[in-house]
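Here the structure is laid out as structure tokens; the discussion comes afterwards.
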Amino acid sequence: MSDTDAAGQENGADIGLTDPGIRILAQFIRDLSFENPRAPDSLRAGTTQPSIDMGVEMNARGRDDGYFEVDLKLSARATRDDGPVFHVELLYGGVFEIAGVPPEELEPVLLVECPRFLFPFARRVIADVTSDGGFPPFLLDPIDFAGVYAARKAQADGAGQVGNA
């Protein structure tokens, strides 16, 4: 009977050590900026929908305590023909514990999966601040973080090859 118990514990321990996992330990607003430079005139409904320019950046770094900080920077600038409507910039961060991920797969986890966890909360902050600024809530469309990561990686690889030629 003790052989069975020992084997069961070994199997359970092995599963716990090899399964990859992501745990969010903290989330926070690192920086938030909202500008409504033409208020209150910009709050009047215009005849045309504003043009929106979006920006997305992801950054990650290791910490001394073995955890990882991931930052998701989102920016949106709304303009009409007669000038700016609003500009919002959010730097939303999280502290993550990553377990069971091989070192060669860590970068995509930090720059794709972790921002996916942060995005719904950052989206809500932007919707709230634009609403508080007098506009309808600006709801960001879902972001393909894997696509953004792949494009930035390809751009960086291309820049590295050009520099070596």
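All letters in the sequence shown, in the order written, are residues 926 to 1090 by the working numbering.
Here a beta-carbon is modelled for each residue, glycine too, at the ideal position from N, C-alpha and C.
- Beta bridge pairing from DSSP links Pro1009 with Thr1004.
- Listed as beta-bridge partners of Asp978 by DSSP are Arg1002.
- Judged by their CB atoms, Arg1002 and His1012 are nearer to each other than the 9 Å cut-off.
- A straight line joining the alpha-carbon of Glu1014 with that of Ala1024 spans about 31 Å.
- In this structure, DSSP gives Val1026 a state outside helix and strand, which the three-state scheme calls coil.
- Per DSSP, reduced to three states, the secondary structure at Phe953 is strand.
- Within the same chain, and ignoring the five residues on either side of Leu1043 in sequence, the residues whose Cβ sits closer than 6 Å to its Cβ are Leu997, Tyr1017 and Gly1019.
- Nearest neighbour of Glu1022 by Cα position, chosen from Val981, Val995 and Tyr1074, turns out to be Val995.
- Annotation for Ser958: Glu1014 place their beta carbon closer than 6 Å to its own, counting only its chain and skipping 5 residues before and after.
- Counting only the Cα atoms, Glu1038 lies some 12 Å from Ala985.
- Excluding five sequence positions before and after Glu982, the CB atoms of its chain that fall closer than 6 Å to its own CB belong to Lys998, given in chain order.
- Secondary structure note for Phe1060: it is in no alpha helix (DSSP H), with a DSSP letter that is neither H nor E.
- For Leu1064, the secondary structure class from DSSP, reduced to helix, strand or coil, is coil.
- Linking Ser1056 to Leu1065 through their CA atoms gives a straight-line distance of about 13 Å.
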